[in-house]
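Okay, so here's the structure we're looking at.
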Amino acid sequence: MTWLMHRRSRTICLCLAFITIFLHLLLALVLLSSHHLPCEPPLPPRIHVLRDLALTNTNSAGIRGLAEPPTDTIKKNSSYEDAKKDAKGQVQSLSYKSLSVKKSLESDLLKLEALFDHPLYNTPKPTIPEDDWLLRVKPKVKPSERSSQMWVSASQEDYEDVPWNSSSSSHPPWLRFHLGITRWELYPHLDPKIELLTEQLATNPIVNAVQKSGGTQLKLVMSFPNSGQALLKPMKQERHDETNYNLYYFSDFERHNAEIAAFHLDRILGYRRVPPVVGRLVDVVKEIKDVTSDRKLARTFFTSPVGNVCFYGQCSYYCSTEHAVCGRPRDLEASMAVMLPDISLAGRKSWRSPWRRSYSRSKLAKWETNPDYCSTVKKAPPYNKGTRLVDLIDLVILDFLMSNMDRHHYETFEKFGNKTFLLHLDNGRAFGRHSKDEPSILVPLEQCCRIRRSTWLRLRLLSLSQYHISDVMRASLSRDPLHNVAPLLAEPHLAALSRRLETVLETVSRCQNKRKENGGGEDVIYDDLDHLK
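Using the working numbering, you'd call the opening residue of the sequence shown number 245 and step up by one each time.
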């Protein structure tokens, strides 16, 4: 019995010994493995931010620069100090780039100011005769007839009740613009009222919006409390989107930024024949849907699957749910062009362009097959005398610089007959392609070999580095409100302006050489500055 108890006690001791040894071994293994674990200190706050940014999907160019440093730099610089230096370098690079862009724009603005101060843009002009004003304010009449002086809306609701008489201080900007139109230009050079007018187009409350009849694409007439009106063209595609090469010129979308850019380029060229245009962010609901009196337009509003408010109106083309205009979710970029005087006050005549395209996918126009076509045009009125031909060449040069192939008609004010300037209207299909120039637009200049001296001199001025056309155009567009959203023209379009300007000057040079070879004939340069000699 004693032996049995001694044996059992020994067994228990052996088991306890084995358990103790096992526990010690297990503890040793745990300690050994923990000894080889890397000790990484916690990341400082700035490195945490960089790591978070690297994992963030963002569209901001500034943040993207920090979030996506070069891969090899990340592999090599794993320490805190190196990562800190890398981040600091990239922040400085972005700051330098931003500062460089700002300084470049300041330089461009100085070029624009110098250009507009040049004598070619400030030639003295004689006193304007009474008959050369498009509109005149009626003279003061008896109190009983006071209503004939009042420019008022048919509906007084939402409109200012202001008497507009012979005192210009009481006139709203749009009326001052109308009263400043003359036989030779829409507005004078550096006219301060144009800046005031564009500011009101961009900021005035909108009290009504209706669809403009006619045309192939959606356009709205917007009304303001002071009875002024503007033509709205909505954003249909991104600024940098080039026209599809398989599209014909008459199938392209109209561009809101092209209308804005055309106004600025027309002024830079010294023409002043495009009505003032400005960019504006419009609230699709508050400034169109809620105020429209156009029932047909109101029925076309809907909300897209992603929550954007859209509408499409009614027109010949591109007015359907597939081509709807949409806000983001309610803000819509648009061009706002001041309306010209109503045709009941100042009638306009539409002229078919002699170099009009066939608007056919298979047929060619006469000018495309007859190299001597201009000689026929010169024999027919109104191109057989006066300035009409060089007026048209001015328009051709504008269209070539903008790459606008859609110039089938132009208009003039009836009051001035054939002795007046051409209205440069409807430029929405300009600036569609920057990678390709369209030489056919310049055919009238090549065939007629005729150009105004003032135009030719200004083009040469714009080819000089101190007045470079791309730089002054960039500066001018930077003053538009939509520039705060994004530049109105992408840099490739600005570069294309310089390239096309050289083509125009080379064309004039070839014309001059051709005249010399043929022993004279009609001068290439029409001297419209002769009165200054």
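In this text, a Cβ means the ideal position worked out from N, Cα and C, and glycines have one as well.
Here the structure is a predicted model, which means the values were calculated and not measured.
Query	Result
Boundaries of the alpha helix (DSSP H) in which Phe802 is found, first to last residue	There is simply no residue 802 to check, as the chain begins at 245 and stops at 777 in what is shown.
Arg651 versus Trp700 - alpha carbon distance	22 Å
Cβ-based neighbour list, Phe507, same chain, cut-off 7 Å, excluding 5 preceding and 5 following	Val518, Pro520, Val521
Alpha-carbon spacing of Tyr403 relative to Asn452, whole angstroms	Here the model assigns Tyr403 a pLDDT of 46, short of 50, so the residue's position is not dependable and the matter cannot be decided.
At least three beta-carbon pairs within less than 8 Å, the segment 626 to 642 to the segment 688 to 700	yes
As assigned by DSSP and simplified to three states, the class of Asp527	strand
Cβ-based neighbour list, Asp510, same chain, cut-off 8 Å, excluding 5 preceding and 5 following	Arg516, Arg517, Val518, Leu642, His668
Residues of its chain near Leu430, where Cβ-Cβ distance is below 7 Å and the 5 sequence neighbours each way are ignored	Arg516, Arg517, Pro519
DSSP three-state assignment for Lys680, whether helix, strand or coil	coil
Residue interval of the alpha helix (DSSP H) (run including Leu633)	632 to 646
Ranges of the beta strand (DSSP E) found wholly within the segment 496 to 556, counting only runs of at least 3	521 to 527, 553 to 555
The segment 648 to 667 contacting the segment 473 to 484, beta-carbon criterion three pairs below 8 Å	no
Under the three-state DSSP convention, the category Thr300 falls into	For Thr300, the predicted structure reports a pLDDT of 36, less than 50, and the residue's modelled location is therefore unreliable. The matter cannot be settled from this model.
Cutoff 9 Å: Ala542 Cβ touching any chain C Cβ	The structure shown contains no chain C; it is built from a single protein chain.
First and last residue of the uninterrupted beta strand (DSSP E) at Ala624	No beta strand (DSSP E) holds Ala624; DSSP gives it neither H nor E.
contact_flag[the segment 522 to 532, the segment 718 to 733] where n(CB pairs < 8 Å) is 3 or more	yes
Among Gly459, Ser753, Thr447, Leu423, the one whose alpha carbon lies nearest that of Arg673	Gly459
Three CB pairs or more closer than 8 Å across the segment 350 to 357 and the segment 709 to 722	yes
Exposure of Tyr617, with buried meaning 16 or more beta-carbon neighbours within 10 Å	buried
Cβ distance (whole Å) where Arg574 is taken to contact Val553 below 8 Å	5 Å
Delimiting residues of the alpha helix (DSSP H) encompassing Thr747	735 to 761
Reference Leu434, options Arg601, Lys680, Thr367, closest by Cα	Thr367
DSSP-derived helix/strand/coil call for Thr426	strand
Touch test, the segment 735 to 751 against the segment 577 to 589, Cβ-Cβ under 8 Å, three pairs minimum	no
Same chain only: Cβ atoms within 8 Å of Asp772, ignoring 5 sequence neighbours per side	Thr631, Val634, Arg696, Arg697, Ser698
Nonlocal neighbours in the same chain, by C-beta distance under 7 Å from Ala305, ignoring five residues either side	Note that Ala305 scores 36 on pLDDT, short of 50, meaning its location in the model is unreliable; the coordinates nonetheless yield the value given after this. So the list is empty, once near-sequence residues are dropped.
Proximity winner among Lys758, Ser722, Arg743, Ala739, relative to Ile504 (alpha-carbon distances)	Ser722
Trp599 to Lys663 span [Cα, whole Å]	20 Å
Neighbour-count burial assignment, His280, 16 or more Cβ in a 10 Å radius	Any reading at His280 must be qualified, since the residue scores a pLDDT of 44, below 50, and its modelled position is unreliable; the value itself is stated next. Classification of His280: exposed, given that the 10 Å Cβ count is below 16.
Ranges of the beta strand (DSSP E) found wholly within the segment 641 to 725, counting only runs of at least 3	653 to 657
Own chain partners of Asp724 with C-beta closer than 7 Å, once the 5 adjacent residues on each side are dropped	Ile504, Val522, Gly523, Leu732
With 16 other Cβ atoms within 10 Å as the buried cut-off, status of Ile438	buried
Per-residue burial, Phe546 [other beta carbons within 10 Å of its own, 16 or more giving buried]	exposed
Backbone secondary structure at Leu248 - three-state DSSP	At Leu248 the pLDDT is 46, less than 50, meaning the model places this residue with poor confidence; the figure from the coordinates comes in the next sentence. Note: Leu248 maps to helix in three-state DSSP.
Rounded straight-line distance, which links the Cα of Asp681 to that of Cys563	30 Å
beta-carbon His737 near the ligand NAD non-hydrogen atom, thresh 8 Å	Ligands in the displayed structure: none, and consequently the ligand NAD is not present.
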